[in-house]
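Okay, so here's the structure we're looking at.
Protein chains: 2
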Amino acid sequence: MSHPAGVSPDTPDRAARAFVHEFSEGSKEQKRLLGGKGANLAEMTNLGLPVPPGFTISTEACRYYLAEGHEPPGLADEVDRHLARLEAERGKRLGAREDPLLVSVRSGAMYSMPGMMDTVLDIGLHDGSVAGLAAESGDERFAWDSYRRLIQMFGKTVLGIDGGLFDAALDRAKRDRGVRSDLGLGVEDLRELVAEHKAIVRDRSGREFPQDAREQVDMAVRAVFESWNTDRARAYRRQERIPHDLGTAVNVMAMVYGNLGPDSGTGVAFTRDPATGRPGVYGDYLRDAQGEDVVAGIRNTVPLQELEDIDKHSYDELMRIMARLEGHYKDLCDIEFTIERGKLWMLQTRVGKRTAAAAFRMAAQLVDDGVIDLDEALRRVTGAQLAQLMFPQFDRRSGITAFAHGVPASPGAAVGAVVFDSAEAVARDADGERVILVRQETSPDDLPGMLAADGILTSRGGKTSHAAVVARGMGKTCVVGAEDIAIDLERRRFTGPGVEVGEGDVISVDGTTGAVYRGEIAVVPSPVMRDLESGRDGEAGRGAEGAAGGAGEEPGADGESGVVHAVRRLMRHADDVRRLAVHANADTPEDAARARRFGAHGIGLCRTEHMFLGERRRYVEDLILAESQQQRDKALEALLPLQRDDFTGILEAMDGLPVTIRLIDPPLHEFLPDLTGLAVKVAVARERGAPDAGDLRLLQAVRKQHEQNPMLGLRGVRLGLVVPGLVAMQVRAVAEAAVARTRAGGTPRPEIMVPLVGGVEELELLRTEIDAVLADVRAAAGVDVPIAVGTMIELPRAALTAGRIATVAEFFSFGTNDLTQTTWGFSRDDVEGAFFPAYLDKGVFTVSPFEALDEEGVGRLIEIAVAEGRAARPGLVIGVCGEHGGDPSSVRFFDQAGLDYVSCSPYRVPVARLEAGRSAVTASEGGSDTR
Amino acid sequence: MSHPAGVSPDTPDRAARAFVHEFSEGSKEQKRLLGGKGANLAEMTNLGLPVPPGFTISTEACRYYLAEGHEPPGLADEVDRHLARLEAERGKRLGAREDPLLVSVRSGAMYSMPGMMDTVLDIGLHDGSVAGLAAESGDERFAWDSYRRLIQMFGKTVLGIDGGLFDAALDRAKRDRGVRSDLGLGVEDLRELVAEHKAIVRDRSGREFPQDAREQVDMAVRAVFESWNTDRARAYRRQERIPHDLGTAVNVMAMVYGNLGPDSGTGVAFTRDPATGRPGVYGDYLRDAQGEDVVAGIRNTVPLQELEDIDKHSYDELMRIMARLEGHYKDLCDIEFTIERGKLWMLQTRVGKRTAAAAFRMAAQLVDDGVIDLDEALRRVTGAQLAQLMFPQFDRRSGITAFAHGVPASPGAAVGAVVFDSAEAVARDADGERVILVRQETSPDDLPGMLAADGILTSRGGKTSHAAVVARGMGKTCVVGAEDIAIDLERRRFTGPGVEVGEGDVISVDGTTGAVYRGEIAVVPSPVMRDLESGRDGEAGRGAEGAAGGAGEEPGADGESGVVHAVRRLMRHADDVRRLAVHANADTPEDAARARRFGAHGIGLCRTEHMFLGERRRYVEDLILAESQQQRDKALEALLPLQRDDFTGILEAMDGLPVTIRLIDPPLHEFLPDLTGLAVKVAVARERGAPDAGDLRLLQAVRKQHEQNPMLGLRGVRLGLVVPGLVAMQVRAVAEAAVARTRAGGTPRPEIMVPLVGGVEELELLRTEIDAVLADVRAAAGVDVPIAVGTMIELPRAALTAGRIATVAEFFSFGTNDLTQTTWGFSRDDVEGAFFPAYLDKGVFTVSPFEALDEEGVGRLIEIAVAEGRAARPGLVIGVCGEHGGDPSSVRFFDQAGLDYVSCSPYRVPVARLEAGRSAVTASEGGSDTR
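Listed in order, the protein sequences are those of chains A and B. Using full-length UniProt numbering, you'd call the opening residue of the first sequence number 1 and step up by one each time. Using full-length UniProt numbering, you'd call the opening residue of the second sequence number 1 and step up by one each time.
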């Protein structure tokens, strides 16, 4: 259906393209069009709750404005018409001198977003209407208080004047008057304050405070539109992966007044405890105040419970409405309300934010209450929340309170002596001391110190700062942007609110909450982690233990076991519904056993190079320095029994489950000393006399093997094709271990995986050698253990030629670390410090592609390889063993791409299980958003 | 149409699936089915030329045999039937004691291929039939000579016995008899020799020489099939990029005898001179001999001209036939023939191999003769041949003859003192001496010596050996596998046929022909190169000079100008027909001017980092070491006027043509000293007292900037986004240079190209900065020079997201070096020495993907980027500026992929022009093969 251009403004089509919508016209499903605030106001309006009348200017209007630089044609007329309706409904006129209509203008994007213009109240007041408002309300003080609020908010948020100027004027007035609260100011004081505020506006903006009410509305709307693109808003969106092209809506609502005396007030409330998820009454109330005062902390609020004594009627109504809202939203709601002379008005509601523990408890509780089903409960928790719950925690019984808070950048609980630079950190670490590196911000120079430290604390920067990015990469506890503290490098100390901390003093840093404590707080293992590792949560424990919640801990006073039981319950459901299997990356029997306890159904990546370290390094040196095949064979012969024992142990730990063993991958020279260090050692020795002959020989070998870009050098399958006997030794060790396990009555299921294949020819050549060794061992042992041979897909070319590779590979496993490196052309080692922070800051990435899979580039290669690999070999088993296998958002991609399993570090196995379950219920539901 | 299985053997369908074809059933177009030899025998048969009757067993039968391990069912019957026809036609029976039918069995693949079993003559003789052959021919000596030949050839090629054993027996017989030629052996000698040969067969193969004629045929056929897969054959195919799955045909032909006395003989002939292309009589003849004797050099042949005196009738007929063949094939043919008692028989013909010079001359000559058109002439020459003609050559007037020949591995003419190891090469090179590195074979240890040497000579290895691969990569003259020479490292000398060469002696090495000369031969520039650089060959010269061949050199005695004119003519046609434009990679005004003379229509890649070397390095050091933006700006300000002058010069040299300037690409630390060297210097200085403060500071900076994998580090667009002011300086320099040129009356056409983009976000950010600078310069100058901004596509992710990138990039240029590195995950620097030789040897590559584009992997990314880039921005200009832009086979791929231009080094411009033309006429013709 198409319509001619210039269609009449009153046709339904025109109406569908309207930019302004009455609250009564919308619903909570229309967040994209009306923003979260507008959609929920519409929902409440249609539920019959007491919402002041008003309308929403849609995100479409904002997008138009931002793209074109001016309001869409017709918007002014629409706003006119809707204001006229509002005036009619309230029986007041905007800008009138007598009984004027005042409105609030509030932003409201699809996702809640700090950094955007929030709210301007009392719009419509001007010099000529203050008296009229005073007359109508019978409260002259209220009228002047409203006017000074308007000028202050308008000046700050619409005109962009430093808010501190207005605050200073207010403080001065209170000081002059000798009162502590703004309630102590009288009519005259407020009248003078208005004059001062107007002077500030005149001075700073070069114009008078606008006296035209309609102009005030238009300017406020435009300011909301423009606040979508402030640096802070953009930075926030990048961090939270919110698209930049959504735009914000604007809500215009008739004012109701919480500042009309002691029978008025304003408050916020939660339908249950957002920290624990427990039902109950949670909130704050402030008498004789308008909205901002509650959050601004100008006066002390009272607990919401006290409202029952102040105004039982409103309290009871609020309780009824809150129960109604939670029943309707089937979730924790948070609420803003105002009471105007005993009449309750609802100003906002939304599904409330919550802690990780609360998310799990609440989801399980709502299932118990019959409000939601298990699928929905699963959709309401995230792998990231589960990961938080698995970190060790500070013992809450310590009673110590934090002296500063920053942005929680990398979770964990770290305790140590404060150091202020890298050298000190390294020195103390070398002495066995645990240290916390405290810096204003970090740079690549601080890397040694960050490595040496147990935790990192900075006074500047956000979640994408250098410290945050690097610490997350290292898995170090990190809090950034703790703006309360001031570092004095000269005097080797920092100060925080009421504390002074010197170098060497012990502090405790909570990377999960952002809190910083003085002294040492005991760290306790996470009860969720303990339970997950016990295997009682999911499939592993199901058979052994019977029904859910059977054994062990009863819900205790601190609610810990409530979380444990909730996690256990949701994990079981995730295991029931997920299609994707979860394997683990593990190189030792201990790690393999741990992974199995965590619910892994196999080893997806058993690296063999880790088995060449320590004592065995000398055999590898022999191998590299060998000058004949005989010497080489001797080194390999020494390694064979050691490797066989390695594999026997792992196959035993994973008996009955697949163990994918990757042939040696890194360049052999990684087993040799560093070139620069050795060259310096030899040069210095030469100065002093004569260098050691062994060192000289080694230096020669190191020089010979040195590569400019080892990541792109002689490694992976290339090693196997160039170093005679190396692959044969490893394959023989695997096969002989399998034979040994079979003879011992076990069910070994080893698989051999060839790394870094770029073309089918490489794999063909190596398979010929592998198959010969397998046949040889089989014949010698008289035992037939089937051993599949497959390949990693970790180079773009492997993905692009996967159809041909699948004719030779019996399985695929994506190595997403290398695939990301080569697809993007940057190495993880080299770039994280050098430019990732800048890239995150500028928005090139919303998140490091080494953390969350780059679906557009790397993901496209994966999709090509899956489709063409399976076309060539139907039923081809495909997994992923890069670190993305444990990343929540990536797991969903792998599920939808049709992979058979993800493999991740043992500790990530529960997260991957949960996310695989969530992916299953999300796919079936058709998409849900947990932001 | 489909037929039920088990169709009757006599239906046409069955016939179509026959494995055996009479010569009269085929044609020269059926090389894939019948092999080259069989198809041409069929063609000659149908032309009515005197070809002995016979039949061809098809390549299909071979493929079946190799796949299944046995002959296809029914093949034996088919061979029976065709042998019966042959018997009927010749009136003789195979294996009969009286007047036996003898046949030859010869291999014949689609492409001529050394390394496969070639020929067994005289099949059908056995103890019982020698007398019959003697009686029928009236020549007992002939019969026994044929029998000893059969046993010798059969033993060697079918039974795999060392041929030297038979040769030794023959030599012994000649020695015993005191004769120098086999013609001196009598019947008894030959009878004894047969007994000895049979004993060799018995000893070595463990079986008697087969006495059943039909068994001889079957064994020979099977041996031909199996010879397809010998190591040598496989290696040859890899080198020549011939598919491994073609298989070979087998030709069975009735014997005609050149060894029936002085009125018999055998010879080879060319229809014109394969070295120059000049028409005439070229060939060799050997009386009283069978085929192999001519090539084996057992006796001395006579020039073909002498046949006119020996047997005028046969000679005249041969001349008529050769004229007929050349007219029919419209090309140089080479021929094998036999004269049996005055009767001429044609045994083989094919389009003959030729030198590069002959290829051009002949193609032009055939156009003049009206035999072929210019399109066809273009199809008959290659860019590789043109490249050969462009190298300097040894002065042919020197009269010195080569003392050894090897495989020509990397073209050029090199003269220098012989050295036997890397250290000596480096030392003499440092003293300003030119050296030739002579090694048995080379390894990565020899790289410094190879770099220092002017030429490389090895006594072992083929075109894919380490020396060959690395030398080609370096562009060094190289001859490998000169098996005539023996190197004595102890005594620092090598010996060749009749010469002894010591270290320091001067030799001359011709990388184009493989010849090695004693002493210094003068090197003369290539006349073709001189002419191409003059611009007289193509478009550049067309306007200035008028009609073809107008000026300069007349054809001289040495035929040089004939080649020059032929090249000029074909280049002009290539320019007329090609769709693809040819640009050049050039960084200096001199290179730009040269490229223009060579016919480049623009600069496709102007690298700017080369402009930071020498004196300017210190500004880059300042830039890197800067500790504040102020210091950084100062360094950039110093660079700005220098860069501006660079660009002004290049824009002047290329006035009116596009100049694509790439922003700085390599990591900045490449401008700093090497870490290891500097660390050693500082450590040694510290030992001796105190290190230099500047060195210490530099070392700190080098350590800080050090990257594990600089190829994957802070370079390209990343630099631009991280180093403030760097891009702005370069863009300003470009824009101001353009303004200066415009004011000087020029027509500058600069374009700005951003390297190493992986995502559109990077380009967006940098474009904002670039556009601002361009606007700024435009406003300040009041001159509007349009400057397009585009990007390189050199990372897999750029290709995979090309659709989005094209929304911001005004042009694309593929950087195929980096794209190959990242697609395959290996760096050119690191892997060429380390594993490419092994990979080429094992057949993973047929050619280095850095030489010829990897169409399957890298090519697929290019196709994706072209399609999706053009979909997003119709008409998007797309080129390639990696080194593949000058590679003959890759140029064709780029043309067919729809690129607008290729850009290559100035010297490669003519090659690219020619190949672009060939691609145009090949595409229109539907595929031609020049192998």
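Every residue, glycine too, gets a C-beta built ideally from N, C-alpha and C.
Practice prompt. Please confirm if Q821 (chain B) has its CB atom under 8 Å from at least one CB of chain A.
Written response: Position 821 of the second sequence holds residue 821 (chain B). Cβ-Cβ to chain A under 8 Å: yes for Q821 (chain B).
Worksheet entry | Selection of the stretch 741 to 766 of chain B by Cβ proximity to chain A, strictly under 7 Å | L756, G758, G759, E761, E762, L765
Worksheet item: CB-CB under 8 Å to V524 (chain B), same chain, minus the five flanking residues each way: which ones, in chain order?
Response: Here the question's residue 524 (chain B) lines up with position 524 in the second sequence. P392, Q393, F394, D395, listed in sequence order.
Discussion item. For the beta strand (DSSP E) containing L284 (chain A), name the first residue and the last one.
Written reply: Mapped onto the first sequence, residue 284 (chain A) falls at position 284. Reading off the sequence, residue 284 (chain A) comes out as Asp, not Leu. D284 (chain A) -> beta strand (DSSP E) spans 279 to 287.
Discussion item. So with CB distances below 9 Å, who are the chain B contacts of residue 932 (chain A)?
Written reply: The structure shown does not extend to residue 932 (chain A), since chain A spans only 1 to 931, so no value can be given for it.
Worksheet item: Where do the ends of the alpha helix (DSSP H) carrying I650 (chain A) lie?
Response: Counting from 1 along the first sequence, the entry for residue 650 (chain A) is found at position 650. Run containing I650 (chain A): 629 to 653, per the alpha helix (DSSP H) assignment.
Worksheet item: How is K198 (chain A) classed by DSSP in three states: helix, strand or coil?
Response: Here residue 198 (chain A) is taken as the residue at index 198 of the first sequence, counted from 1. Three-state DSSP puts K198 (chain A) in a helix.
Item to complete: Would you mind telling me which residues of chain B sit closer than 7 Å to residue 934 (chain A), beta carbon to beta carbon, in chain order?
Response: Residue 934 (chain A) lies beyond the residue range present for chain A, which begins at 1 and ends at 931; the question has no answer from this structure.
Worksheet item: What distance in whole Å lies between the Cβ atoms of V785 (chain A) and A738 (chain A), which are believed to be in contact at a cut-off of 8 Å?
Response: Locating residue 738 (chain A) in the first sequence gives position 738, counting from the first residue. Locating residue 785 (chain A) in the first sequence gives position 785, counting from the first residue. Between V785 (chain A) and A738 (chain A) the Cβ distance is about 4 Å, and since that is below 8 Å, they are a contact.
Worksheet item: Could one say the Cβ of D841 (chain A) lies closer than 8 Å to chain B's Cβ atoms, at least one of them?
Response: One-based indexing of the first sequence puts residue 841 (chain A) at position 841. Taking Cβ atoms only, chain B never reaches closer than 8 Å to D841 (chain A), which makes this a no.
Item to complete: Ignore the nearest five residues each way along the sequence and tell me which others in D99 (chain B)'s own chain have a CB closer than 7 Å to its CB.
Response: As a first step, residue 99 (chain B) is located in the second sequence; it is residue number 99 there, counting from the start. K92, G132, E136, listed in sequence order.
Discussion item. If I follow the unbroken beta strand (DSSP E) through G879 (chain A), where does it start and stop?
Written reply: Here residue 879 (chain A) refers to the residue found at position 879 of the first sequence. First-last of the beta strand (DSSP E) with G879 (chain A): 877 to 880.
Worksheet item: At a cut of 8 Å, does the stretch 119 to 127 of chain A reach the stretch 44 to 52 of chain A through at least three beta carbon pairs?
Response: no
Discussion item. Suppose the cutoff is 8 Å on Cβ atoms and the five residues either side in sequence are ignored; what does the same chain contact list for A16 (chain B) look like?
Written reply: For the purposes of this step, residue 16 (chain B) is taken as the residue at position 16 of the second sequence. Residue confidence for A16 (chain B) is low, a pLDDT of 47 falling below 50, so the modelled location carries little weight and cannot support an answer.
Discussion item. Which of the three DSSP states is assigned to N46 (chain B) in this structure?
Written reply: As a position in the second sequence, residue 46 (chain B) is number 46, starting the count at 1. Three-state DSSP puts N46 (chain B) in a helix.
Worksheet item: Helix, strand or coil: how does DSSP classify K343 (chain B) here?
Response: The sequence position of residue 343 (chain B) within the second sequence is 343, counting from 1. Strand at K343 (chain B).
Practice prompt. Determine the direct distance from the alpha carbon of L899 (chain B) to that of T922 (chain B), and round the result to whole angstroms.
Written response: Residue numbering aside, residue 922 (chain B) sits at position 922 when the second sequence is read from its first letter. Residue numbering aside, residue 899 (chain B) sits at position 899 when the second sequence is read from its first letter. Looking at the two C-alpha atoms, the distance is approximately 17 Å.
Discussion item. How far does the beta strand (DSSP E) with Y901 (chain A) in it extend, from its first residue to its last?
Written reply: As a first step, residue 901 (chain A) is located in the first sequence; it is residue number 901 there, counting from the start. It spans 901 to 904 - the beta strand (DSSP E) in which Y901 (chain A) sits, taken as one unbroken run.
Worksheet item: Per DSSP, what kind of secondary structure is D311 (chain B) in: helix, strand or coil?
Response: Here residue 311 (chain B) corresponds to residue number 311 of the second sequence, with the count starting at 1. If DSSP states are grouped into helix, strand and coil, D311 (chain B) belongs with coil.
Fill in: Residues that D830 (chain B) contacts on chain A, provided the C-beta gap is smaller than 8 Å
Counting from 1 along the second sequence, the entry for residue 830 (chain B) is found at position 830. The answer, in chain order, is E707, Q708, N709, P710, L712, G713, L714.
Worksheet item: Between A852 (chain B) and the rest of its own chain, which residues show a CB-CB distance below 6 Å, the 5 nearest in sequence each way excluded?
Response: For the purposes of this step, residue 852 (chain B) is taken as residue 852 along the second sequence, with counting starting at 1. Hits under 6 Å: D887, S889, S890.
Worksheet item: In whole angstroms, what is the alpha-carbon distance linking A683 (chain A) and E621 (chain A)?
Response: The residue labelled residue 683 (chain A) in the question sits at position 683 within the first sequence. The residue labelled residue 621 (chain A) in the question sits at position 621 within the first sequence. Looking at the two C-alpha atoms, the distance is approximately 22 Å.
Discussion item. Between the alpha carbons of A871 (chain A) and G857 (chain A), how many angstroms are there, rounded?
Written reply: The residue you call residue 871 (chain A) lines up with position 871 of the first sequence. The residue you call residue 857 (chain A) lines up with position 857 of the first sequence. Cα to Cα, A871 (chain A) sits roughly 22 Å from G857 (chain A).
Worksheet item: On the premise that F403 (chain A) lies in contact with C518 (chain A), defined as a C-beta separation below 8 Å, what is that separation, rounded to the nearest angstrom?
Response: Within the first sequence, residue 518 (chain A) is the residue found at index 518, counting from 1. Within the first sequence, residue 403 (chain A) is the residue found at index 403, counting from 1. Reading off the sequence, residue 518 (chain A) comes out as Arg, not Cys. 6 Å between Cβ atoms; contact.
Fill in: Spatially closest choice to I436 (chain B) from B:I400, B:R172, B:F494, B:G461, by CA coordinates
For the purposes of this step, residue 436 (chain B) is identified with residue 436 of the second sequence, where counting begins at 1. Checked all of B:I400, B:R172, B:F494, B:G461; the closest Cα to I436 (chain B) is B:F494.
Worksheet item: Mind pulling the alpha helix (DSSP H) runs of 4 or more residues that sit fully within the UniProt domain "PEP-utilising enzyme mobile" (433 to 514) of chain B?
Response: 447 to 452, 466 to 474
Worksheet item: Going along chain A, which residues have a C-beta under 8 Å from V844 (chain B)?
Response: In the second sequence, counting from the first residue as 1, residue 844 (chain B) sits at position 844. Going along chain A in sequence order, the residues near V844 (chain B) (Cβ under 8 Å) are L721, G759, E761, E762, L765.
Worksheet item: Would Q629 (chain B) be called buried (16 or more neighbouring beta carbons within 10 Å of its own) or exposed?
Response: For the purposes of this step, residue 629 (chain B) is identified with residue 629 of the second sequence, where counting begins at 1. Answer is exposed; the Cβ neighbour count stays below 16.
Fill in: Residue from A:R222, A:I242, A:V51, A:D369 with nearest C-alpha to T349 (chain A)
For this step, residue 349 (chain A) is matched to residue 349 along the first sequence. For the residues A:R222, A:I242, A:V51, A:D369, the minimum Cα distance to T349 (chain A) belongs to A:V51.
Item to complete: Compile a chain-ordered list of the residues in the stretch 654 to 684 of chain B whose CB is closer than 7 Å to at least one CB of chain A.
Response: L675, T676, A679, V680, A683, V684
Worksheet entry | Minimum Cβ-Cβ distance from F19 (chain B) to chain A less than 8 Å | Along the second sequence, one-based indexing puts residue 19 (chain B) at 19. By this cut-off, F19 (chain B) is not an interface position.
Practice prompt. Along the beta strand (DSSP E) that carries M253 (chain B), what are the first and last residues, could you check?
Written response: Residue numbering aside, residue 253 (chain B) sits at position 253 when the second sequence is read from its first letter. That run of the beta strand (DSSP E) goes 248 to 254.
Practice prompt. Kindly indicate which residue of B:G859, B:W824, B:D830, B:D829 has the alpha-carbon position closest to the one of V844 (chain B).
Written response: Looking up residue 844 (chain B) in the second sequence gives position 844. Checking every option, the nearest Cα to that of V844 (chain B) belongs to B:W824.
Worksheet entry | Residues near R579 (chain A) by beta carbon distance below 7 Å, same chain, minus five either side | Reading the first sequence from its first residue, position 579 is the one you call residue 579 (chain A). Around R579 (chain A): D895, A920.
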